[in-house]
Amino acid sequence: MPTITIAGVDVDTRHWIGGQRVASAETFDDISPIDGSLLGRVSRGGRAEADAAVAAAKAAFPAWARLTPLARAEILHRVADNIEAHIEELSQIETHDNGSLLRSHRRGVMPRVVMNLRYFADYAVEKLTHPVFETRGHDNHVTWDPSGVAVIITPWNAPLMLATWRIGPALASGDTVVLKPPEWAPLTASYFAQLAHEAGLPAGVFNVVQGYGAEAGAPLTENPDVARICFTGSVPTAKVIARAAAENLIPCSFELGGKSPTVILDDADLDLAVDLAVEQYDNAGQVCLAGTRLLVQEGIADAFTARFIERVAQIRQGDPRDEETQIGPNIHLKHIERVQGFVDRARSAGATIAYGGEVNADLGTHYFRPTLIRDASPESEILTQEVFGPVLTMQTFGTDEEGLVLANGTEFGLAACVVSGNRERAEAFTQFLVAGTIWVNCFFVRDLSAPFGGSKKSGIGREGGVWSFDFYADVKNTVYAPSGWK
Ligand code: NAD
């Protein structure tokens, strides 16, 4: 049996299709970013495996769709129970696979994975109201019906969290699922399949196809038997998927990249501003929501910069399994090359590297130093494109209006963070900010009931609460006439 063993847990690295492990002739290497070592090999799927997984999900759909929401919720809670009982194992696997902090997985991410299942299971039972209203004497009954096979494609920066935030509402809606996990962090998806199976999730209701995007992901998006595609990842991949989905008119939910601003107004509490700015380095900058553009109002810029750089110098970078570590490694050497390329080109174009700017060689090959770039020219790529590493830029502005123009000045609109001591001023500022989520004097506070998604190139659609059901379910209106009854 092809397995990868992490912290004493054997993870079967074959696909999970129709309630069975399925191997491919070919495999791909899974490398740990902690030390660049080979964890092992994972089945490398293609069109045959993708088609088999969609067929299995399609076959399982009628029975799953006809269960009551309560019956589905009972099964999903059992799956959640089993996940909860294995938080330590899942945390270890994810940390070794994608390099995120072990303590964050134990205390934050994996408990959230459990919540992703419980919350949407309960929502479908308790909160998904089915409005009935009368029009010209006729009764309209609105229902959220299951829609079919949902394909879920996820990136490597928070694989199981991002997957279950879709698996929860999709399964609670009565859809069946095919998950394509990221090739740089494929393992928790495989282990999740095992845990869900042990908890009684019927065969075919949830399937996993491992492999590269163009080989295993693309055929999933081209399959006419798919009813929904939920994609989280980069803008270029979203464009490819949108074209494929258009062929069969498959509705897509896209959660994409960002270049979000952290705006610090001159009445801000400086301690809070520095804390929030430092938080943007979390997960070694590999957070779609990160407010990587620090926009600081003139007047406090010098004071802020001095304190900020002092704090950045104190960030503890190191092994993500260590309780004291604040920033771990970056995912892959290819990705680090990309991050280094952005920094080098910014330097060549005349920007100042105020801190960091390279890999921390004392820690090996995968640990890019927290980096701050100043004085970049307004149109330069470092101020407009997503780096997805521990690289922040800093710009200053005069009036609030000028700050707003800078904040809205990219093609992205995923999130924004605003720091101000004056509520009315903050409200005036946020009113014209274009972003799916704005945090004022806080960062990363995310409730499952809140709408989440991106504006402009950061995405299409919203998920969370009822918005998730609006996407995964097929909203139906049945009109009953007042007459014709015996
Ligand atoms: P990516 O677009 O390269 O890959 C994402 C997933 O898509 C992977 O599983 C990959 O295998 C698959 N894929 C690639 N090509 C495909 C194709 N042609 N057809 C189908 N699937 C394909 O992104 P990445 O580098 O893995 O992730 C980083 C990106 O994800 C960043 O842009 C980041 O901002 C974004 N992200 C967004 C959110 C959000 O909620 N908005 C959350 C996390 C990450």
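Residue numbers for the sequence shown follow our numbering, beginning at 127 and rising by one.
Ideal placement from N, C-alpha and C gives every residue a C-beta, glycine not left out.
Not one heavy atom of the ligand NAD sits closer than 7 Å to the Cβ of cysteine 543. Classified as buried, leucine 509 has 16 or more neighbouring CB atoms from the shown chains inside 10 Å of its CB.
The C-alpha of arginine 419 is placed about 18 Å away from the C-alpha of aspartate 470.
Under DSSP, the beta-bridge partners assigned to tryptophan 270 are Val601. Its chain contains Thr280, Thr358 as the residues whose beta carbon lies nearer than 6 Å to that of leucine 288, once the 5 sequence neighbours on both sides are disregarded; these appear in chain order. The DSSP assignment places 396–405 as complete runs of the alpha helix (DSSP H) inside the stretch 381–434, in order along the chain (cut-off: 4 residues). Looking at Arg551, Gly547, Gly274, Ile479, the one whose alpha-carbon comes closest to that of valine 601 is Gly274. Counting along the chain, tyrosine 245 sits inside the alpha helix (DSSP H) bounded by residues 236–248. With contacts defined by Cβ atoms closer than 8 Å, isoleucine 390 and glutamine 443 do not form a contacting pair. Taking a 10 Å sphere around the C-beta of histidine 231, we find 16 or more other C-beta atoms and assign the residue as buried.
In the three-state DSSP reduction, valine 148 falls in the strand class (E or B).
Here asparagine 242 has Met287, Thr290, Trp291, Ile293, Gly294, Leu574 as same chain residues with Cβ atoms under 8 Å from its own Cβ, once five neighbours each way along the sequence are excluded. Take the alpha-carbon of glutamate 463 and the one of tyrosine 407: they are about 18 Å apart. Between the ligand NAD and the CB of serine 360, the shortest heavy atom gap is smaller than 7 Å. In this structure, glutamate 309 lies near glycine 337, with their beta-carbon atoms less than 8 Å apart. Considering only Val404, Phe430, Leu530, the residue with the shortest C-alpha distance to leucine 396 is Phe430. Under the 10 Å beta carbon count, histidine 264 is surrounded by fewer than 16 other beta carbons and is classified as exposed. Annotation: the continuous beta strand (DSSP E) that includes histidine 141 extends over 141–143. At the C-beta level, glycine 482 and threonine 497 come within 8 Å of one another.
When C-alpha distances from isoleucine 453 are compared across Arg170, Val239, Arg229, the shortest belongs to Arg229. Between arginine 233 and tryptophan 611, the alpha-carbon positions lie close to 58 Å from each other.
Within 10 angstroms of the beta-carbon of asparagine 224 lie 16 or more other beta-carbons, which makes it buried.
When the alpha-carbon of isoleucine 586 is set against those of Phe597, Glu152, Trp565, the nearest one is in Phe597. Excluding sequence positions up to five before and after leucine 398, its CB lies within less than 8 Å of the CB of Val545, Asn567, all in the same chain and listed in chain order. According to DSSP, residue pairing for serine 169 in a beta bridge involves Thr153. Bridge partners of valine 544 according to DSSP: Val389, Val566.
With a 10 Å radius around the Cβ and a threshold of 16 neighbouring Cβ atoms, aspartate 488 comes out exposed. Membership of alanine 276 in any alpha helix (DSSP H) is not indicated; the residue belongs instead to the beta strand (DSSP E) covering 275–279. Under the criterion of beta carbons closer than 8 Å, aspartate 138 and serine 316 qualify as touching, at roughly 6 Å. Distance from alanine 197 to proline 328 at the Cβ level is roughly 11 Å; contact not present, criterion being Cβ atoms closer than 8 Å. Glutamate 152 is not a Cβ neighbour of valine 335, given a cutoff of 8 Å.
For the stretch 421–495, the full-length beta strand (DSSP E) segments reaching 3 residues or more read 478–481 along the chain. Going by DSSP, isoleucine 160 is part of no alpha helix (DSSP H) at all; its letter is neither H nor E. It is roughly 40 Å from the alpha-carbon of methionine 520 to the alpha-carbon of phenylalanine 318.
Per DSSP, the continuous alpha helix (DSSP H) segment holding threonine 510 begins and ends at 507–510. Where phenylalanine 259 is concerned, the enclosing beta strand (DSSP E) starts and stops at 258–261.
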